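Trainee:
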Amino acid sequence: MTWRNGVNHEKADVHGFSGIPDARGYYGAYGGRFVPETLISALDELEALYGDARRDPSFAAEYESMLRSFAGRPTPVTYAERLSAHYAKARIFLKREDLCHTGAHKINNTIGQILLAKRSGKSRVIAETGAGQHGVATATVAAKLGMECIVYMGEEDMGRQSLNVHRMEMLGARVVPVTSGTRTLKDATSEALRDWVTNVRDTFYIIGSVVGPHPYPQMVRDFQSVIGRETRAQMDALVGRDPDILVACVGGGSNAIGFFHPFLESSVRMVGVEAAGLGIETGKHAATLTQGTPGVLHGSLSYLLQDAEGQVQLAHSLSAGLDYPGVGPEHSYLKDEGRVHYVSVTDREALQAARLLSRLEGIIPALETAHAVAYLEKLMLTTRPEEVVVVNISGRGDKDITTYARI
Amino acid sequence: MINALEQRLSGNRERGVASLVFFVTAGYPTADATVELAQALEEGGADALEIGMPFSDPMADGPMIQKSSAVALANGVNVPWIFEQVARIRNRSPLPIVLMGYVNPVLRYGVGRFFADAADAGVNGVILPEVPLEEWPRFGDHVAAHYLSGILLATPTTPAERVRAIDAASSGFLYAVSSTGVTGGNTDEQALINVAGMRTLVTKNPMLVGFGVSTPAQALAFAKVSDGVIIGSALIRQLENGQKSSEISVWARDFRSGLDARS
Numbered sequence: 005m006t007w008r009n010g011v012n013h014e015k016a017d018v019h020g021f022s023g024i025p026d027a028r029g030y031y032g033a034y035g036g037r038f039v040p041e042t043l044i045s046a047l048d049e050l051e052a053l054y055g056d057a058r059r060d061p062s063f064a065a066e067y068e069s070m071l072r073s074f075a076g077r078p079t080p081v082t083y084a085e086r087l088s089a090h091y092a093k094a095r096i097f098l099k100r101e102d103l104c105h106t107g108a109h110k111i112n113n114t115i116g117q118i119l120l121a122k123r124s125g126k127s128r129v130i131a132e133t134g135a136g137q138h139g140v141a142t143a144t145v146a147a148k149l150g151m152e153c154i155v156y157m158g159e160e161d162m163g164r165q166s167l168n169v170h171r172m173e174m175l176g177a178r179v180v181p182v183t184s185g186t187r188t189l190k191d192a193t194s195e196a197l198r199d200w201v202t203n204v205r206d207t208f209y210i211i212g213s214v215v216g217p218h219p220y221p222q223m224v225r226d227f228q229s230v231i232g233r234e235t236r237a238q239m240d241a242l243v244g245r246d247p248d249i250l251v252a253c254v255g256g257g258s259n260a261i262g263f264f265h266p267f268l269e270s271s272v273r274m275v276g277v278e279a280a281g282l283g284i285e286t287g288k289h290a291a292t293l294t295q296g297t298p299g300v301l302h303g304s305l306s307y308l309l310q311d312a313e314g315q316v317q318l319a320h321s322l323s324a325g326l327d328y329p330g331v332g333p334e335h336s337y338l339k340d341e342g343r344v345h346y347v348s349v350t351d352r353e354a355l356q357a358a359r360l361l362s363r364l365e366g367i368i369p370a371l372e373t374a375h376a377v378a379y380l381e382k383l384m385l386t387t388r389p390e391e392v393v394v395v396n397i398s399g400r401g402d403k404d405i406t407t408y409a410r411i
Numbered sequence: 005m006i007n008a009l010e011q012r013l014s015g016n017r018e019r020g021v022a023s024l025v026f027f028v029t030a031g032y033p034t035a036d037a038t039v040e041l042a043q044a045l046e047e048g049g050a051d052a053l054e055i056g057m058p059f060s061d062p063m064a065d066g067p068m069i070q071k072s073s074a075v076a077l078a079n080g081v082n083v084p085w086i087f088e089q090v091a092r093i094r095n096r097s098p099l100p101i102v103l104m105g106y107v108n109p110v111l112r113y114g115v116g117r118f119f120a121d122a123a124d125a126g127v128n129g130v131i132l133p134e135v136p137l138e139e140w141p142r143f144g145d146h147v148a149a150h151y152l153s154g155i156l157l158a159t160p161t162t163p164a165e166r167v168r169a170i171d172a173a174s175s176g177f178l179y180a181v182s183s184t185g186v187t188g189g190n191t192d193e194q195a196l197i198n199v200a201g202m203r204t205l206v207t208k209n210p211m212l213v214g215f216g217v218s219t220p221a222q223a224l225a226f227a228k229v230s231d232g233v234i235i236g237s238a239l240i241r242q243l244e245n246g247q248k249s250s251e252i253s254v255w256a257r258d259f260r261s262g263l264d265a266r267s
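Going down the list, the sequences are from chains A and B.
All you need for my numbering is the position in the first sequence, starting with 1, plus 4.
All you need for my numbering is the position in the second sequence, starting with 1, plus 4.
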């Protein structure tokens, strides 16, 4: 990768995961800010605003209060007794982000960002959404705080996640169909950026994953880290120690980063599960970290599905939330460092896992989440019965019920 | 050493002539259109040509340039092909040429190799609108090594100190974005005020105005508060409407006449 001229290639101190990103928003060689000049002052303002908020105890108090009284945190950890018995190869626990208000982890981040939006004095918020979970979470907090909300969503995704379109509209948001490109999350993100670059003075862009230009990947990670912090304390109470293995699905990567981050400096093993779509060998997949190469999309340098000429390739996943050719820069860094192991499972394996979890545990997971559950099939070949595995159940599956009903 | 672009634009500024630059997406509307179009625009009075390198995800562009990029990619346009077209234009004309594009295809091609091959083909300058000042050094060193111009953008949201720093880091010209938004937007009185304010800060380079300059009258209005204009989406619209090269020459000439009315 000789083209990364001028970028610090030196590996960060492995004990220093809490020290990233650096002042320029780099996670090792990844991250940064690759956006039109018009957005630079807005990003500088956001960075300053976020810095002030982090030093302000009243901001933390308000954020935590909303997590508790509005989002329903802390979410429980459930021992998956029948799933554990099914494999008889480990004790499996489930971190229940599906029990958050709106049905997924996304609200942890939108509460944080809407409070920043309020602090900024801007009255209009915009968001991109794939599966619609981030759109619903944004529409929800915008309604709660009385702000105008516009959500960009690919036309293809509006069809396959129509329940969430209705929810956003019920909450008073305007859902704008995106008809360019592949009509999925990638194009919705481009369209949201076009809105922001046009209306930057009065608009706060609530990005839904650990992607985009600095400081978004850091900010979203920090807001989602509540997942991992709670998990660590809960596992300590339940089994008296850290778990052995954490498993989470990775699209842009926000639930996984939030789950992993508080454990990065421990010895806990971590697995990020990407979407293999119809199968890696078919080329129709969204396995960015395992199949991609470094490149720039939507404001940061990270692994990317691209062709030999640097054009972005189409991702494919039955799951709208994982159907994205990019991934957060911190994941790229954790992959290169070998700190997190990234794997992929197919649409078919995810569908089977959704059924298995529903029948054995009484939990219908989101299709995205089902990818993490599906990896247990392979992981359980390697574990010992006394080992403790925690799977992040990032969202519930109501939105996917028509897909599940078809199989 | 001063290259042909710098010579032309600085020379214009010294003589009190407003510079006229056109933007066209490489390989649009057809793969064989670009060379002929360059000649037509030169005959129409262009001082330089910006050739857009198409990208699959043009997040900073409005609908016209988005569409033209998709067509160009479908026509098989890629970086080596663009260099060939530049070399063909260069064989028959000294018209200064600037490449403009999203950064990922440049990274993929290899930064060092990209600027070396661009210079070999006869390119005079490069604009990478997704690369702000902070990320510029890793590109700027190569730009300078090949005597290319590295053109950065300043926008209405850029603070005064930063405009000065962008001017200092740029060569060839400074690209003044007239209003917030994507390419092909509308301009208003505020855009003129934005540009006039920016001009007082730009001392090193000629300052050319782009984004939303679509008629000869607008071009003249902007030229009165700058050193020239860049016409992009308006040209793409002409091409979409099926205008032939001879007609494009006449169309471009209207802008030239409009600008010449400044002095």
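Every residue, glycine too, gets a C-beta built ideally from N, C-alpha and C.
It should be emphasised that the depicted structure is a prediction, and the values quoted were computed from it without experimental measurement.
Have a look at the DSSP bridge pairing and note the partners of Ile-115(A).
Mentor: DSSP lists no partner for Ile-115(A).
Trainee: Leaving aside the five residues before and after Leu-326(A) along the sequence, list all residues of the same chain whose C-beta is less than 6 Å from its C-beta, in chain order.
Mentor: If we look at Leu-326(A) and ignore the five residues flanking it on each side, its Cβ neighbours are Gly-255, Ala-279, Ala-290, Glu-372.
Trainee: Do we get a CB-CB distance below 8 Å when we pair Ala-33(A) with the residues of chain B?
Mentor: False, the Cβ-Cβ gap to chain B never drops below 8 Å.
Trainee: Where in the stretch 173 to 255 of chain A do unbroken runs of the alpha helix (DSSP H), each at least 4 residues long, occur, reported from the N-terminal end onward?
Mentor: Listed in chain order, the complete alpha helix (DSSP H) runs (minimum 4 residues) inside the stretch 173 to 255 of chain A are 189 to 202, 220 to 228, 230 to 243.
Trainee: Is there contact here, the stretch 206 to 226 of chain A with the stretch 256 to 263 of chain A, by at least three beta-carbon pairs under 8 Å?
Mentor: Judged by Cβ distances under 8 Å, the stretch 206 to 226 of chain A makes contact with the stretch 256 to 263 of chain A, as three or more pairs qualify.
Trainee: Excluding five sequence neighbours on each side, which residues of the same chain lie with their C-beta closer than 6 Å to the C-beta of Gln-165(A)?
Mentor: Only Ala-135, Gly-136, Ala-324, Lys-403 meet the Cβ criterion.
Trainee: How about Thr-29(B) and Gly-56(B): do their beta carbons lie closer than 8 Å?
Mentor: Contact flag set, yes.
Trainee: Tell me, please, whether the stretch 41 to 51 of chain B touches the stretch 91 to 99 of chain B by the rule of three or more beta-carbon pairs shorter than 8 Å.
Mentor: Result yes; three or more Cβ-Cβ pairs closer than 8 Å.
Trainee: Between Gln-247(B), Thr-187(B), Arg-166(B), Leu-263(B), which has its C-alpha nearest Leu-178(B)'s C-alpha?
Mentor: When only C-alpha atoms are compared, the closest one is Arg-166(B).
Trainee: Lys-190(A) versus chain B: which residues are under 7 Å apart at the beta carbon?
Mentor: Under the 7 Å cutoff, chain B gives Asp-61.
Trainee: At the 8 Å Cβ level, is Gln-89(B) part of the contact set with chain A, yes or no?
Mentor: It does not: the Cβ of Gln-89(B) has no partner Cβ on chain A nearer than 8 Å.
Trainee: Taking Cβ-Cβ distances shorter than 7 Å, what residues in chain B pair up with Phe-208(A)?
Mentor: Those do not exist, as Phe-208(A) stays about 15 Å from chain B at its closest Cβ, beyond 7 Å.
Trainee: Using DSSP's beta-bridge definition, name the partner residues of Ser-348(A).
Mentor: For Ser-348(A), which the question treats as bridged, DSSP gives the partners Glu-278(A).
Trainee: Chain B partners of Pro-40(A), CB-CB under 9 Å?
Mentor: Within 9 Å Cβ-Cβ: Met-63, Ala-64, Pro-133, Glu-134, Pro-136, Leu-157, Thr-159, Val-181, Val-186.
Trainee: For Val-83(B), which residues in chain A fall below 9 Å Cβ to Cβ?
Mentor: Those are Glu-313, Gly-314, listed as they occur along chain A.
Trainee: By Cβ distance, which residues of its chain are closer than 6 Å to Ile-368(A), with the 5 residues on each side in sequence left out?
Mentor: Contacts found: Ser-362, Gly-401.
Trainee: Kindly indicate which residue of Ile-397(A), Glu-365(A), Arg-410(A) has the alpha-carbon position closest to the one of Arg-86(A).
Mentor: Looking at the Cα atoms, Glu-365(A) is the closest of the given residues.
Trainee: For the structure I just gave you, are there three or more beta carbon pairs, one from the stretch 200 to 209 of chain A and one from the stretch 169 to 188 of chain B, closer than 8 Å?
Mentor: The answer is yes - the stretch 169 to 188 of chain B touches the stretch 200 to 209 of chain A, with three or more Cβ pairs under 8 Å.
Trainee: Based on the DSSP output, what are the partners of Ser-72(B) in its beta bridges?
Mentor: Paired residues: none, contrary to the question.
Trainee: Please report how far the alpha carbon of Asp-17(A) lies from the alpha carbon of Gly-32(A), in whole angstroms.
Mentor: Here the model assigns Asp-17(A) a pLDDT of 38, short of 50, so the residue's position is not dependable, and the following value carries that caveat. Computed Cα separation, rounded: 10 Å.
Trainee: For Arg-28(A), which residues in chain B fall below 8 Å Cβ to Cβ?
Mentor: Neighbours of Arg-28(A) on chain B, chain order: Glu-138.
Trainee: Ends of the alpha helix (DSSP H) at Arg-95(A)?
Mentor: Element bounds for Arg-95(A): not the alpha helix (DSSP H) but the beta strand (DSSP E), 95 to 100.
Trainee: What residues of chain B sit near Gln-412(A), judged by a beta carbon separation below 9 Å?
Mentor: Lying before the first or after the last residue shown, residue 412(A) is absent from chain A, which here runs from 5 to 411.
Trainee: Hey, does Asn-198(B) have any beta-carbon neighbour from chain A nearer than 8 Å?
Mentor: No, Asn-198(B) lies away from the interface with chain A (no Cβ there is under 8 Å from its Cβ).
Trainee: Residues in the same chain with beta-carbon distance under 8 Å from Glu-51(A), minus the five sequence neighbours each way, listed in chain order, please.
Mentor: So the qualifying residues of the chain are His-218, Pro-219.
Trainee: My parser needs the alpha helix (DSSP H) runs of 4 or more residues fully inside the stretch 121 to 154 of chain B; what are they?
Mentor: Runs found: 141 to 149.
Trainee: Under a three-way DSSP split, which group does Asn-95(B) fall into?
Mentor: Note: Asn-95(B) maps to helix in three-state DSSP.
Trainee: What does Ala-46(A) touch in chain B if you count any residue whose Cβ is under 9 Å from its own?
Mentor: Here the neighbours are Thr-161.
Trainee: Does Pro-333(A) pass the burial test, meaning 16 or more other C-beta atoms within 10 Å, or should it be called exposed?
Mentor: Counting Cβ neighbours within 10 Å, Pro-333(A) comes out buried, since at least 16 surround it.
Trainee: Nearest-angstrom Cα distance between Glu-138(B) and Val-206(B)?
Mentor: If I take the Cα positions, the gap works out to 19 Å.
Trainee: Could you compute how far the alpha carbon of Thr-106(A) sits from the alpha carbon of Gly-262(B)?
Mentor: Between Thr-106(A) and Gly-262(B), the C-alpha separation is close to 58 Å.
Trainee: Using 8 Å for Cβ pairs, my map puts Gln-228(A) next to Asn-113(A). What's the rounded Cβ distance?
Mentor: Indeed, because the Cβ distance is near 6 Å, the residues count as touching under 8 Å.
Trainee: What does the alpha-carbon distance come out to for the pair Gly-232(A) and Gly-399(A)?
Mentor: When rounded, the distance between both Cα atoms is 15 Å.
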